[in-house]
Amino acid sequence: MSDIKKIKDYYIDKLNTENNIEKVNNIKSELFGKNGIISNEFKKLGSISVEERKKLASDLNNIKDELQNKISIKIQEIETKEINLKLEKEKIDVTLPERNIEIGKIHPVSQVIDEISSIFSEIGFSVEEGPDVENEYNNFTALNTPDNHPARDMHDTFYLDNNKELLLRTHTSPVQVRTMLKGKPPFKIIAPGRTYRSDSDQTHAPMFHQVEGLHIDKNINMGHLKGCLNYFIKEFFEVDKIKMRFRPSHFPFTEPSAEVDIGYEIKNGKIVIGEGNKWLEILGCGMVHPNVLKNVKVNPSKYQGYAFGIGIDRLGMLKYGINDLRAFFETDYRWLSHFGFDPLDVPSNYRGLSR
Amino acid sequence: MKFTVDWLKNHLDTKFNNNQIIDKLTNIGLEVESFESSTSELDTFIVAKIINAKTHPNADRLKLCDVDIGGDKTIEVVCGAPNAKNGLLTVYAPPGSIIPKNQMKLSVSKIRGVTSYGMLCSESELQLSNESDGIIELKDNKYANKIGEKYFKNTSEKVIDLSITPNRPDCLGVRGIARDLSAAGVGKLKINKKSNLKYKGNQNINVTIKKEKAQGCTIFGSCLIKGVTNIESPKWLKDKILSLGQKPISAIVDITNYVMFDLNRPLHAYNADKIDNEIIVRSSSKGESFEALDNKKYILENDMCVISDRSGVLGLGGIIGGTRSGTEYSTKNILLESAYFLPRSIRKTSKQLNIDTDAKFRFERGIDPLSIEEGLIKASELIKQICGGEISNLDVKKIENYKKTIINFDPFLFEKTTGFNVENKELIKILEKLGFNVSKNKKILKLVVPSWRPDITQSIDIVEEVVRIKGYEHINTSEPVKTRLKPTLNYYQKLFHFLQRSVASKGYLETVTWSFTDSKINQLFKENDEEIPIVNPISSDLNVLRNSIFPNLIFYLKKNLDRGFKDISLFEIGPAFKGKNPGDQLTVIGAVRAGKVSRLSWNDKERIVDTFDVKKDVIQSLCEAGIDKDDIVIDDKAPSYYHPGKSGGVHQNKNEKKALAYFGEIHPNIIKKLDIKTEGLVIFEICLDYIKESKQKIKDSKSEYKFSDFQKSERDFAFIINKNFKSQELVDIIKSVDNKLIKSVRVFDVFEGENIPEGKKSIAVNVTIQPEEKTLNENDLDNINKLIISTVESKSGAKIRS
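Note that the protein sequences, when read in sequence, are chains A and B. Residue numbers 1 to 355, in the numbering used here, belong to the letters of the first sequence in order. Residue numbers 356 to 1157, in the numbering used here, belong to the letters of the second sequence in order.
Structure representation (structure tokens):
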């Protein structure tokens, strides 16, 4: 008994001072290996008397447990120490920059087109398109603007041939013509796209964007036109109330025609939409002229409705406080980064039009 | 169209104040552009104070004055006046001012080596008195708090400037505007006084309107006024002409102009003594010429409407007169013309000759054909009053009679169009005040359209007249009906939006560039497309429609590189034009990437962008837009603006001959030609029109979800193969060994050189084998491996590396 007690005390002492995992493992096999000290003690049990055996076995088991326990605690202790030491060494400066982020952007014109489409989609409009190159008929004549009409002077037109047969569309209205010619009423469409006029200065670009609207059915009147545009303007500018003014005007392809102004004021050098006593013209509209309906084979005594044309770039400038129209088309990296939108920022009804 | 409220009141009895009139004009469709005093040359002269007057360094008699001109601005003026002293209030004229005395325009100038910004004025220079010894001395008590304000009060009446839409020629005269206002309830239209003009003798210059097919004149009215004394116009007339923004010339010219703006009735006065015998209104012959009142010589084409005499062309009818018969101060006898010219003829001629005049502007829109006499009488009266003379009987020649326009109007159309109702009584009242003659036939109104309204031809025009006079504020606002007739977007429109945002999310900035471009750059990208020139380009470097999306993108890429940006990713989605007919266009995404990846990264190695960067961007974008990656086939054919060895085409599947996208390095020649300074430039393009819509919607195309629990195994192989052998083909060969078992084949290493024979390369692939029915034992796997090796070797000529 005293022998094994000595052995135990000796090894407990040894384990207490030991800090090397290998050496602890050596002690483990010294004690419990095939020919380990404790293992050998157990082997001896067979050769002694039953009474002695009982006592010795019990002592041996206690010592075995104590030592094993000590060893496993020691191993855990050393391992924890080692891991802590390792972690300490591995500490990095997490304030160092991440790998390069490449942030893409959506152009304001595209974003505004998506906003517009989302709003009109809510009230049942679908999107139509037409080509940028148009023939004279679709761009003018079918729209009740014959060649000798002075209204043509309002459009500085780019031509592709000397006979002035082919041109770059001066407005999105020819999409009305195309849509009605290829289908049957009712029609309820918007048509956003590029448009072209040959003037260029601070406020005019030779290319700009418009969205056309057309709603033709049996009983569509000017009240519906007013309601539709009122809804659109409020939604677009994301305001509850908007001051809006319908004012008589003239377009050859609509009658009666109107221009729509919205109220604004300048506050701290920034334009505030919807309030104030100044008026800003933002779109032209009217009831589709019976001559146009006849030209596209729609019976004006059965069907009627409205059309409108809105300058997209202008709307974007107003909503997002962009001053210079020309900058839209100059591809300055800084401008695109500044005014561009995150590609995940998709305008929609349920997520909100803009963030 | 400009006029003063005073002038308006010659025709309109009204108690409305100016602002009410202005608001009403806009509300009835006569848009007010501005309402302000006409600018005067005297506006620039302002009250100023000399802060400090010191002697000029190079001239004893000159002074150098610091002058406070208001708005916290001080400028330096050199002044020779002996009375210039500190604290003096005086009148300052900035550069650009015109000095009334000598009509000299001031500019910034150096006086004895010192720059003087404008000048300080004497009373004589401003024509206030003859005092020229010194500059004006203003009294402190009156002017001390007016520094920076205008010295001369602008006393001219405020001018209303209307933007008249092309359908309203009648409102190009003040009377027409007054009529519209009266219909809208702004007072009463005054009745024209009956003329008690005495006529003496006949108009004895014979007038003939030739009956020709292209005749542009249908009525020619005239009278002779003999023994006039043409003088400077009286003040009231001069003021009227000035308020129009025009310069007074002489009484006779001013009177014809005045009547044109008053009644919208253009007139022309000839020096009757210069007319050779008779007036012939006819069509011109090619080559005829005349010198017009704008001092230009015009050579005419066939069929232009000219007023001529026996010696030739006097003028272009309704557009511009000629110098040969123009009136001058010495003119004694005049022939006054009041005619009707056809809008179409006027428009054609003026376009051909590129002439724009007030008369042309009016005739082109349609002048009241029944205003011939009214115009002659009004002008004659004024001429007699101002210049004296005897007036002959009026002579009116016609080749066509005016036909009334009659519209049978059903008042129901009004409510049907506008959505609100107006009582018949009110409707009739509005129309009558606008000059319509209204009679009733049961429910239908028979309307005779006034002769000054050529724009009104059908019932809808009547609706417009009534609703604009009644006021658009009466139109209800109906809640939008949400009924949808069809889906908002079709497949290609959705694709457009998906791809646009998908490409942007790869780090590209979207741009929008012109649809036209510089033919010299376009040339580099146009391939076999025909060039599409614009006949009237805005500038010579935007002279063709772009055949490709790239010319502008590359142009602007270069601009940004020149600004000092190095790593640039740009894209545009828009049209590329393939022909000049409508519809000959494709919707294309073009993207460019320049510079390096991981530039200045502290932990990643930086490298130049390469073909596989854009290949990833294009393939990933296509997959995100719904194209099946497993079907995509790549080939090495790309347009000539790509690097021939480092570019490829993307096919939607193995059956599609046409590539829907290309990617790769740009051709080095282009970089050289356009002098693009960058380390690397790779591009890709996707043609949306070439993407084929899947026959199945996503809700129908999801296959049953299957997975296998059996052990999968991975094996690596390395093959020595011909250098030009495509890795895609090798992968396909391996997959073809057992399409069911082989789930994926990844190329993980490619190299040439050391230990590899000349003309060969080593490709290492990792093959994943995933059984679905049973676990494979070593033997099964060995068999598959052997089969893979033998198939590859026999089909590709490759050798397995041992």
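Think of the CB as a built atom: it goes at the ideal place given N, C-alpha and C, for glycine as much as any other residue. These numbers come from a predicted model, not from an experiment.
With contacts defined as CB atoms closer than 9 Å, Thr832/B and Lys226/A qualify as a contacting pair.
Closer than 9 Å to the CB of Val298/A there is not a single CB belonging to chain B. The DSSP-derived three-state label of Lys771/B is helix. The DSSP-derived three-state label of Met317/A is helix. For the set Gly130/A, Glu128/A and Asp147/A, the Cα lying nearest the Cα of Tyr137/A is the one of Asp147/A. In the DSSP assignment, Lys602/B forms no beta bridge with any residue. The beta carbon of Phe390/B sits closer than 8 Å to the beta carbons of Asn373, Ile377, Lys513, Val514, Ile515 and Asp516 from its chain, once the five residues preceding and following it are set aside; these are given in chain order. Leu737/B places its beta carbon 9 Å or farther from that of Ile889/B. Here Val1102/B is near Ile1118/B, since their CB atoms are less than 9 Å apart. In the three-state DSSP reduction, Val541/B falls in the coil class, being neither helix nor strand. Lys555/B and Lys739/B have their C-alpha atoms roughly 12 Å apart. Bounds of any alpha helix (DSSP H) do not take in Asn831/B, whose DSSP letter is neither H nor E. When the Cα atoms are used, Gly183/A and Ser874/B turn out to be separated by approximately 38 Å.
In this structure, Gly124/A is the residue among Gly124/A, Pro206/A and Lys302/A with its C-alpha nearest to the C-alpha of Leu214/A. If you draw a straight line from the Cα of Ile944/B to the Cα of Ala1016/B, it comes to about 9 Å. For Pro766/B, the secondary structure class from DSSP, reduced to helix, strand or coil, is coil. Residue contact with chain B for Arg355/A: absent (no Cβ-Cβ distance below 9 Å to any residue of chain B).
Contacts between Tyr846/B and chain A, judged by CB atoms closer than 9 Å, are missing: the closest CB pair is about 12 Å apart. Taking C-beta atoms under 8 Å as the contact rule, Tyr306/A and Ile190/A fail to qualify, at a distance of about 12 Å.
Judged by beta-carbon spacing, Cys420/B lies beyond the 9 Å limit of Asn438/B, meaning their Cβ atoms are not closer than that value. Residue contact check for Gln707/B against chain A: no CB pair falls below 9 Å. For Ala538/B, the CB contacts under 6 Å within the same chain, skipping 5 residues up- and downstream, are Ile785, Lys788, Leu789 and Ile824 in chain order. Contact between the segment 702-709 of chain B and the segment 622-634 of chain B is absent: fewer than three C-beta pairs spanning the two stretches fall below 8 Å. Within chain B, the C-beta atoms nearer than 9 Å to that of Thr331/A come from Leu864, Thr866, Val867, Thr868, Asn907, Leu908, Phe910, Tyr911, Leu912, Lys914, Asn915, Leu925 and Glu927, in chain order. Not one beta carbon of chain B lies nearer than 9 Å to the beta carbon of Asn20/A.
Against chain B, the beta carbon of Gly227/A has neighbours under 7 Å at Thr832, Ser833, Glu834 and Pro835, listed in chain order. Residue environment: Trp591/B is assigned as exposed (fewer than 16 neighbouring CB atoms within 10 Å of its CB, all protein chains considered).
An exposed status is given to Ser462/B, since fewer than 16 other beta-carbon atoms sit within 10 Å of its beta-carbon. Following the DSSP letters along the chain, one finds Tyr350/A in no beta strand (DSSP E), marked with neither H nor E. Within the segment 879-893 of chain B, those residues whose Cβ lies closer than 7 Å to any Cβ of chain A are, in chain order, Ile887, Ile889, Val890, Asn891 and Ile893. Considering only beta carbons, the part of the segment 246-259 of chain A lying closer than 7 Å to chain B consists of Phe246, Arg247, Pro248, Ser249, His250, Glu255, Pro256 and Ala258, in chain order. Under the Cβ criterion (8 Å, minimum of three pairs), the segment 1042-1055 of chain B does not count as touching the segment 1094-1101 of chain B. Exposure of Gln1066/B is indicated by the presence of fewer than 16 other C-beta atoms within 10 angstroms of its C-beta. Residues are counted here when their Cβ sits less than 8 Å from a Cβ of chain A; for the segment 933-965 of chain B these are Lys935, Asn936, Pro937, Gly938, Asp939, Gln940, Val952, Ser953, Arg954, Ser956, Trp957, Asn958 and Asp959, given in chain order.
In the three-state scheme derived from DSSP, where H, G and I count as helix and E and B as strand, Glu1034/B is classed as coil. Each of Thr399/B, Val541/B, Ala436/B and Ser471/B was checked against the Cα of Phe507/B, and the nearest Cα belongs to Thr399/B.
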